[in-house]
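Protein chains in written order, with the numbering used here: chain E, 45 to 574; chain S, 239 to 468.
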């Protein structure tokens, strides 16, 4: 993912400096740097000599010395202080050798020339060193800007991070840029240091290094890296934040001779770790709050269930007990019509109770994973038997069934599907006036069968429409049912691979249409065609 | 017998309305029905019932609000139909001025007993009675004298006050708070341990079997009542 050749600090040759500075910490690095400076200084001055010889016919010796000044400044500003000073000395010698009489010796014939040559050396040295320092300051400023960019990139990433892994990945990425070396973030899992994030992606704690990581976790102390050639590891281990994030350790392997994090990178690294620790802590708090919220919500749901179910149980029980005791204690004083009215009430309420119990059982079954007893079913039969059942419960209501054409057989659980249609019919009864007809329509679609339960009742308010299938949702219609019927319907239909939808107002412009769509198995369709 | 007592039944469940109406009518009461809170308040004003049976779960407003608004202008006895497991709600409604409650589900006999008790206490209201006789117990209010089957029973002044208040409301549940406020003063509304002690002492002195009280009945979590029929 991250490639050091593409590293922003390495894109231009002149930005290699920090790397080179790190290298100067050992001797060979210093020699290499000196040779490089000698080479570029000599080359620049050599070019100046060639140019000077070419132009000598037209300009004076003073003009030529200016060409050399230009060469020194260029070299210094391009390659830094050392190259600047060296090129000044080379320029002085070259000027003397090639352009001051007697030529091709370092001897000086004219004492006046000696003076002006001395002035040239001073001027060249001063401008060279100034330009060189300036160059180095520019490099330093660029480096600082890069570190700042790392910080701001990191803030940006934190802002969009929604998981701990995201944050740790961003931390590994950016600290790797800051220290210019591989970074691994670890946590301790059953005494095994386990990697959370690393940068570059292929970075690993080698088997030989694992022991050190284990020791870090065991002792709870940070460990420095050891210099190359010595026993130990290339990684330096630190705790990201012992207070906020005590479980995470960052392993750093800065490139460079002594494997130490440079002071300016150190500041950035500290800030990165602080911010990451804060972000992870915030995320963990948020998660804890969320889980507290959701368990409170669950609690609320449970108490809603309890109160609605207890109301649903209590009302029929109260009616039954009240009616029975009335009949027993006062039946003798009552007209025959009143007595049979009480008996009818007992019957109705007993049915209501058994429906509620069935619904509760269904709900429990749905929640603990439903076992379907599938069979090839004529949907028309299922619909007609549900309508017959609802008629016995609500003898005063008008129901109609409309089946379009021939429905293909459906492989499903007929009892559960019947229960779904019954629940929808019961809802339709609840939410429409006595005189209004309730219609169940079914037809074959491409690859599916549609069942619609249509009423002309009060309909569902637009803001309640998305919630009608929620468990225990009862709307604000004053209905005190447990709000389970539609939840069960949805559960069953989805178990059958179908969908259920509430449309309100219906196609007639009023009431509600509940639309069930059940897919017809492909094999049966093909069978029908052949 | 004087003209039939009129009872307003406030319940949104038609099935419950039906058996209450049939049962109470068969007992000789005149019945008015209301299906929600607004209707209940309208009927209370228009029909001037002698008693209101109020279900707390109404579609348009909380039964407690109905009670509170009713109490602003009427002292008609109110019996609340409540859930059995909600002690706090029972206490709240009693403290709001309900005369009694019956927990669902209930037999018609239980309700009729409460109705009679509530109507009787209504009859006593405003009438200073100088003596009471309840089963084997007789109380002379002026002389602070209590007899059990003809024998004088010595009661402390607080015990006497407590007994008198309970007896004056025979058959009706009185909440801990109501009893404490009446006997010890409103500042002691929460000191239920006083009540436990004094009720215990009264039972020792008056009950045939103090371990199974038949006179002073405990309504768990709510309060005490003197048995309606003794």
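Built from N, CA and C at the ideal position, the CB exists for glycine as well.
Residue range of the alpha helix (DSSP H) that includes residue 395 (chain S): On the second chain, residue 395 (chain S) is found 157 positions in, with the first residue counted as 1. From DSSP, the alpha helix (DSSP H) with residue 395 (chain S) extends over 395–406.
query: Would a check of beta-carbon distances place residue 554 (chain E) closer than 7 Å to chain S?
result: To locate residue 554 (chain E), count along the first chain from 1; it is residue 510. Answer no: the Cβ-Cβ gap between residue 554 (chain E) and chain S never drops below 7 Å.
query: What three-state label does DSSP hand residue 455 (chain E) in the structure shown?
result: Here the question's residue 455 (chain E) lines up with position 411 in the first chain. Correct three-state label for residue 455 (chain E): strand.
query: Pairing CB atoms from the segment 397–404 of chain S with CB atoms from the segment 433–445 of chain S, are three or more of them under 8 Å?
result: yes
Chain S contact residues for residue 581 (chain E), given Cβ-Cβ distances below 8 Å: Examination of residue 581 (chain E) is not possible in this model, given that chain E is present from 45 through 574 alone.
- request: For the segment 392–405 of chain E, enumerate the residues whose C-beta is nearer than 9 Å to any C-beta of chain S, in chain order.
  value: 392, 393, 396
- prompt: If residue 434 (chain E) sits next to residue 466 (chain E), beta carbons under 8 Å apart, how far is it from one beta carbon to the other, in whole angstroms?
  reply: In the first chain, residue 434 (chain E) corresponds to position 390, counting from 1. In the first chain, residue 466 (chain E) corresponds to position 422, counting from 1. Yes, they are in contact, since the Cβ atoms of residue 434 (chain E) and residue 466 (chain E) sit about 6 Å apart, within 8 Å.
- prompt: Just how far apart, CA to CA, sit residue 466 (chain S) and residue 357 (chain S)?
  reply: By one-based count along the second chain, residue 466 (chain S) stands at place 228. By one-based count along the second chain, residue 357 (chain S) stands at place 119. Taking the straight line joining both Cα atoms gives about 12 Å.
query: When the Cα atoms are used, what is the spatial distance from residue 309 (chain E) to residue 223 (chain E)?
result: The residue labelled residue 309 (chain E) in the question sits at position 265 within the first chain. The residue labelled residue 223 (chain E) in the question sits at position 179 within the first chain. Going by the C-alpha atoms only, they are around 6 Å apart.
message: Give the list of continuous beta strand (DSSP E) stretches no shorter than 3 residues that lie fully inside the segment 281–325 of chain E.
response: 289–296
- request: Just tell me which of E:449, E:477, E:543 has its CA closest to the CA of residue 486 (chain E).
  value: As a position in the first chain, residue 486 (chain E) is number 442, starting the count at 1. Nearest C-alpha to residue 486 (chain E): E:449.
task: Using a Cβ-Cβ cut-off of 7 Å, state whether residue 522 (chain E) counts as contacting chain S.
output: Locating residue 522 (chain E) in the first chain gives position 478, counting from the first residue. At residue 522 (chain E), the pLDDT of 47 sits below 50, so the modelled position is not reliable and the matter cannot be decided from this model.
task: Give the secondary structure of residue 438 (chain S) by DSSP, where H, G and I count as helix, E and B as strand, and everything else as coil.
output: Position 200 of the second chain, counted from the first residue, corresponds to residue 438 (chain S). Correct three-state label for residue 438 (chain S): helix.
- prompt: So which residues on chain E does residue 256 (chain S) lean against when the C-beta distance must stay under 7 Å?
  reply: Along the second chain, read from residue 1 onward, the residue named residue 256 (chain S) stands at position 18. Chain E residues near residue 256 (chain S): 385, 389.
field: Interface residues of chain S facing residue 359 (chain E) [CB-CB closer than 8 Å]
entry: Numbered from 1 along the first chain, position 315 holds the residue referred to as residue 359 (chain E). In chain order: 251, 253, 254, 342.
query: Taking Cβ-Cβ distances shorter than 8 Å, what residues in chain S pair up with residue 231 (chain E)?
result: As a first step, residue 231 (chain E) is located in the first chain; it is residue number 187 there, counting from the start. None at all; the shortest Cβ gap to chain S is about 49 Å.
task: Report the neighbours of residue 346 (chain S) on chain E: residues whose CB is nearer than 7 Å to its CB, in chain order.
output: Reading the second chain from its first residue, position 108 is the one you call residue 346 (chain S). By Cβ distance, chain E contributes 366, 369, 370, 373, 374.
message: Just checking: is the beta-carbon of residue 459 (chain S) within a distance shorter than 7 Å of some beta-carbon in chain E?
response: In the second chain, counting from the first residue as 1, residue 459 (chain S) sits at position 221. False, the Cβ-Cβ gap to chain E never drops below 7 Å.
field: the ligand NAP heavy atom lying under 6 Å from the CB of residue 374 (chain E)
entry: Of the ligands one can find in the structure shown there are none, so the ligand NAP has no counterpart to examine.
- prompt: At least one CB of chain S closer than 7 Å to the CB of residue 508 (chain E): is that the case?
  reply: Start at 1 with the first residue of the first chain, and residue 508 (chain E) comes out as number 464. It does not; no Cβ of chain S falls within 7 Å.
message: Output needed for residue 297 (chain E): all residues of its chain with C-beta closer than 6 Å, excluding positions within five of it in sequence on either side, in chain order.
response: The residue labelled residue 297 (chain E) in the question sits at position 253 within the first chain. Only 225, 226, 278, 279 meet the Cβ criterion.
- prompt: Under a CB-based cut-off of 7 Å, is residue 363 (chain E) close to chain S?
  reply: Reading the first chain from its first residue, position 319 is the one you call residue 363 (chain E). Yes, because at least one Cβ of chain S sits closer than 7 Å to the Cβ of residue 363 (chain E).
field: CB contact flag (residue 318 (chain S), residue 339 (chain S), <7 Å)
entry: Counted from its first residue, the second chain places residue 318 (chain S) at position 80. Counted from its first residue, the second chain places residue 339 (chain S) at position 101. Closer than 7 Å, so yes.
Chain-ordered residues of the segment 369–399 of chain S with a beta carbon less than 7 Å from chain E: none
message: Is residue 275 (chain S) close to chain E? Criterion is C-beta to C-beta, closer than 7 Å.
response: Residue mapping note: residue 275 (chain S) aligns to position 37 of the second chain, counting from 1. For residue 275 (chain S), the answer is no, since every Cβ of chain E falls outside 7 Å of its Cβ.
query: Who does residue 369 (chain S) pair with in a DSSP beta bridge?
result: Within the second chain, the letter at position 131 stands for residue 369 (chain S). Paired residues: S:378.
Under 9 Å (Cβ pairs) to chain E, residues found in the segment 409–424 of chain S: none
Under the three-state DSSP convention, the category residue 303 (chain S) falls into: Locating residue 303 (chain S) in the second chain gives position 65, counting from the first residue. Three-state result, residue 303 (chain S): helix.
message: If we require 3 or more residues per run, which beta strand (DSSP E) segments fall completely within the segment 97–134 of chain E?
response: none
message: residue 324 (chain E) and residue 208 (chain E) - do their beta-carbons sit closer together than 7 Å?
response: Working through the first chain from its first residue, we reach residue 208 (chain E) at position 164. Working through the first chain from its first residue, we reach residue 324 (chain E) at position 280. Contact flag set, yes.
- prompt: Does the beta-carbon distance from residue 557 (chain E) to residue 496 (chain E) come in below 7 Å?
  reply: As a working mapping, residue 557 (chain E) is identified with position 513 in the first chain. As a working mapping, residue 496 (chain E) is identified with position 452 in the first chain. It is a contact, given that the beta carbons lie within the stated cut-off.
query: Is there a Cβ from chain E that is less than 7 Å from the Cβ of residue 433 (chain S)?
result: The residue given as residue 433 (chain S) occupies position 195 in the second chain. With 7 Å as the cut-off, residue 433 (chain S) does not count as an interface residue toward chain E.
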